[in-house]
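Chains A and B are the protein sequences, given in the same order.
The letter at position 152 of the first sequence is residue 152 when you use our numbering, and the numbering goes up by one with no holes.
Throughout, our numbering is defined as the position within the second sequence, counted from one, plus 1000.
Accompanying notes for the structure given below.
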Amino acid sequence: MDIYNSGGPEVSIRSLKKDSMKFVLSNTDLSVANALRRIMIAEVPTMAIDMVEIEINSTVLTDEFIAHRLGMIPLTSFDVDRIQYTRDCTCTLYCPNCSVELMLHVKVNVNFEEMNDPTIDKTRQVTSLDLMSSDDSVKPVSDDKAHPILIVKMRPGQELKLKCVAKKGVAKEHAKWSPVYGVAFEYDPYNKLRHSHYWVEQDEKEEWGVSANAAEETPVDPNEPFDYNAKPERFYVELETSGCMKPEEVALRAMTIMQDKLGGLQIKLDEEVREDNQRWGY
Amino acid sequence: MNAPDRFELFVLPDGVKKLTITPDTKIPNAATFKVEKEDHTLANMLRMQLLEDPKVLFAGYKMPHPLDHYFILKVQTTPDTTPAHVLGNAVTELIQNVGSMKNKFEMDLIRARSDNAKADIGEGEDMSSHQVDMDF
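See the structure below:
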């Protein structure tokens, strides 16, 4: 029952970088391509700070403000399979099997000699580099040591001491767990299928133009009759990760999740049918 | 305050069945499938795959309420088969499709990685002949 009368979907990777990739998906249905997109955004598990225990906070930001900022910091999650979801774990609150602890302690001492010299910048920037992880595979994403993620700025005499607990989760629960910053998804750049309705002042072509992906397709012939049976066939996907894992890993994990979803349903369906047969004595 | 927990979107509570099949009492060869803790991701995929099957007379899904995390899928088939059977076929077909998509992705990944490696070596010798697009 191969409806696509060929060897199934085709994938062609157009560019592969450290934290972004482009690929073209073809010979598959829009619904499958869209499912892949939705899963990449919302169902690929990653690690993120989920609990913060603040011991000392004399900074200008409130505890909850800092906790929120900490939650948003992307953590490296390539080893996330090793970690359990806390709700599936046998522990009462959290344990090394289902969490990773990150400590932060910054105290800015008052330097009495420099105190009254306005030419010296006494601001201490507390960044993701100050977070000390208990697990080497789960730590703040920081390829660029020159541009770490700012958490709070402190002045002499202030202190911040806290413990963060990073947990495994999916972006369906909170967007901080999303492995991607964005997934661009396009099909039919010439709008041959007329799925898009452009709002125009005067001229559609002049005001909207075509995307870069149009280079891969044949331009639309204005005399060609509208093919109402045509279906989208080529999907241009571009994804950018937060740096928590490689982009190809995000895509592959998404496909595995898709398989698991379908596989799980198949098992349940077989169970139900078997039960039904027993009930009615077929 | 009374906001429902976010995990209700994907955690199946104890004693709740993932899938229930209710045969239609008025339409022959028709049934309603209720799938708990799933959304458009799966539902739309199933619907589109079911519609490819010539034995399926009707297939449609809906998520009845945004605060309820389940969808219902209504299927009517020709008399020589059953809704559960065609759904089984659709799921099998989708699993194969996704499996082959994953294989193709992995194959092309090997190519893309080796291309990147070549570009990296090339960059040392001649900067002008390669795109800076590759940073592996």
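Beta carbons are placed, not taken as given, at the ideal position from N, Cα and C, and that holds for glycine.
Length of the line joining the Cα atoms of Pro118(A) and Thr59(A): Walking along the first sequence from the start, residue 118(A) turns up at place 118. Walking along the first sequence from the start, residue 59(A) turns up at place 59. For Pro118(A) and Thr59(A), the distance between alpha carbons rounds to 21 Å.
The stretch 264-282 of chain A / the stretch 87-107 of chain A touching (three or more Cβ pairs under 8 Å): no
Pair within 7 Å by beta-carbon distance, Lys1034(B) and Ile1072(B): Position 34 of the second sequence, counting from 1, holds the residue named residue 1034(B). Position 72 of the second sequence, counting from 1, holds the residue named residue 1072(B). Cβ atoms of Lys1034(B) and Ile1072(B): closer than 7 Å.
Coil, strand or helix - Val165(A) by DSSP: Along the first sequence, one-based indexing puts residue 165(A) at 165. Val165(A): strand per DSSP, three-state reduction.
Supposed close pair Leu265(A), Leu1057(B) - CB separation, criterion 8 Å: As a first step, residue 265(A) is located in the first sequence; it is residue number 265 there, counting from the start. As a first step, residue 1057(B) is located in the second sequence; it is residue number 57 there, counting from the start. Contact flag wrong, Cβ pair sits at about 22 Å.
Chain A residues whose Cβ lies nearer than 9 Å to that of Val1035(B): Numbered from its first residue, the second sequence carries residue 1035(B) at position 35. Those are Leu265, Lys268, listed as they occur along chain A.
Start-end ranges of the alpha helix (DSSP H) lying completely within the stretch 1019-1055 of chain B, minimum 4 residues: 1040-1051
Extent of the continuous beta strand (DSSP E) run through Arg234(A): Counting from one through the first sequence, the residue named residue 234(A) turns up at place 234. First-last of the beta strand (DSSP E) with Arg234(A): 234-241.
Cβ neighbour criterion (16 or more within 10 Å) applied to Cys95(A): Here residue 95(A) refers to the residue found at position 95 of the first sequence. Under this definition Cys95(A) is an exposed residue.
The stretch 1061-1079 of chain B contacting the stretch 236-251 of chain A, beta-carbon criterion three pairs below 8 Å: no
Among Ala35(A), His147(A), Glu186(A), Gly8(A), nearest to Ser211(A) - alpha-carbon criterion: Against the first sequence, residue 211(A) aligns to sequence position 211. Looking at the Cα atoms, Glu186(A) is the closest of the given residues.
Selection from Val1086(B), Lys1102(B), Asp1108(B) that minimises the alpha carbon distance to Thr256(A): Within the first sequence, residue 256(A) is the residue found at index 256, counting from 1. Thr256(A) has its Cα closest to that of Lys1102(B), out of Val1086(B), Lys1102(B), Asp1108(B).
Ile205(A) - containing alpha helix (DSSP H), residue span: Taking the first sequence and counting its residues from 1, the one referred to as residue 205(A) is at position 205. Before going on, a small fix: residue 205(A) reads as Lys here, not Ile. From DSSP, the alpha helix (DSSP H) with Lys205(A) extends over 204-208.
The stretch 1002-1014 of chain B: positions lying closer than 8 Å to chain A by Cβ: Arg1006, Phe1007, Leu1009, Phe1010, Val1011
Contacts around Gly1060(B), its chain only, beta-carbon distance under 7 Å, and the 5 residues preceding and following it disregarded: Taking the first residue of the second sequence as 1, we reach residue 1060(B) at position 60. Excluding positions up to five away in sequence, the list reads Arg1047, Lys1074.
Ala1084(B) vs Leu1050(B) beta-carbon contact at 7 Å: Mapped onto the second sequence, residue 1084(B) falls at position 84. Mapped onto the second sequence, residue 1050(B) falls at position 50. No, the Cβ-Cβ distance between Ala1084(B) and Leu1050(B) is not below 7 Å.
Cutoff 6 Å; reference Ala42(A); Cβ partners in own chain excluding five residues on either side: In the first sequence, the residue the question calls residue 42(A) occupies position 42. Counting only Cβ-Cβ distances below 6 Å, and skipping sequence neighbours, we find Ala171, Lys172.
Buried or exposed (CB count within 10 angstroms, at least 16 for buried), Asp1126(B): Within the second sequence, residue 1126(B) is the residue found at index 126, counting from 1. Only weak support exists for where Asp1126(B) lies, its pLDDT of 46 falling under 50; the value from the coordinates is given anyway. Burial call: exposed.
Reference Ala35(A); option with closest CA among Asp221(A), Val165(A), Gln259(A): For this step, residue 35(A) is matched to residue 35 along the first sequence. The residue with the shortest Cα to Cα distance from Ala35(A) is Gln259(A).
C-beta neighbour in chain A for Asp1108(B), strict 7 Å: Working through the second sequence from its first residue, we reach residue 1108(B) at position 108. Judged by the 7 Å Cβ criterion, Asp1108(B) is in contact with chain A.
Boundaries (first-last residue) of the alpha helix (DSSP H) holding Leu70(A): For the purposes of this step, residue 70(A) is identified with residue 70 of the first sequence, where counting begins at 1. That run of the alpha helix (DSSP H) goes 63-71.
Within chain B, partners of Ala28(A) - CB distance below 7 Å: In the first sequence, residue 28(A) corresponds to position 28, counting from 1. Per the sequence presented here, residue 28(A) reads as Thr, with Ala not at that position. Simply Asn1097, Met1101.
Interface flag, Arg279(A) vs chain B, CB-CB below 7 Å: As a first step, residue 279(A) must be located in the first sequence, where it is residue number 279. Cβ-Cβ to chain B under 7 Å: no for Arg279(A).
Members of the stretch 169-193 of chain A near chain B, C-beta cut-off 8 Å: Closer than 8 Å at the C-beta level to chain B, one finds these residues of the stretch 169-193 of chain A: Val170, Lys172, Glu173, His174.
Three-way DSSP call (helix, strand, coil) for Glu275(A) in this model: The residue labelled residue 275(A) in the question sits at position 275 within the first sequence. Note: Glu275(A) maps to helix in three-state DSSP.
Inter-residue Cα distance where the pair is Pro74(A) and Glu55(A): The residue you call residue 74(A) lines up with position 74 of the first sequence. The residue you call residue 55(A) lines up with position 55 of the first sequence. Distance between the alpha carbons of Pro74(A) and Glu55(A) is about 23 Å.
Residue span of the alpha helix (DSSP H) that contains Met40(A), given as start and end: Position 40 of the first sequence, counted from the start, is the residue given in the question as residue 40(A). First-last of the alpha helix (DSSP H) with Met40(A): 30-42.
Leu16(A) at chain B interface by Cβ criterion, 7 Å: The residue labelled residue 16(A) in the question sits at position 16 within the first sequence. It does: the Cβ of Leu16(A) has a partner Cβ on chain B nearer than 7 Å.
Of the listed residues Asn1002(B), His1040(B), Pro1023(B), nearest to His1065(B) (C-alpha basis): By one-based count along the second sequence, residue 1065(B) stands at place 65. Answer by Cα proximity: His1040(B).
Below-7 Å beta-carbon distance, Asn1029(B) vs any chain A residue: Start at 1 with the first residue of the second sequence, and residue 1029(B) comes out as number 29. By this cut-off, Asn1029(B) is not an interface position.
DSSP bridge partner residues for Gln1076(B) (one or two, in chain order): Counted from its first residue, the second sequence places residue 1076(B) at position 76. DSSP, once it has assigned bridges, lists Ala1030(B), Phe1058(B) as partnering Gln1076(B).
Identity of the residue in Leu16(A), Gly71(A), Glu53(A) nearest Leu160(A) by Cα: Here residue 160(A) refers to the residue found at position 160 of the first sequence. Of the listed residues, the one whose Cα sits closest to Leu160(A) is Glu53(A).
Neighbourhood of Pro9(A) by C-beta distance below 6 Å, restricted to the same chain and skipping five residues each side: Along the first sequence, read from residue 1 onward, the residue named residue 9(A) stands at position 9. Contacts found: Asn27, Thr28.
Local Cβ density within 10 Å of Met132(A), reported as buried at 16 or more and exposed below that: Position 132 of the first sequence, counting from 1, holds the residue named residue 132(A). Exposed is the call here.
Integer-rounded CB distance, given that Val138(A) should sit under 8 Å from Gly243(A): As a position in the first sequence, residue 243(A) is number 243, starting the count at 1. As a position in the first sequence, residue 138(A) is number 138, starting the count at 1. Not a contact, Cβ separation roughly 13 Å.
Listed by chain order, chain B residues near Pro45(A) by CB distance under 9 Å: Numbered from its first residue, the first sequence carries residue 45(A) at position 45. By Cβ distance, chain B contributes nothing, its closest Cβ being about 11 Å from Pro45(A), past 9 Å.
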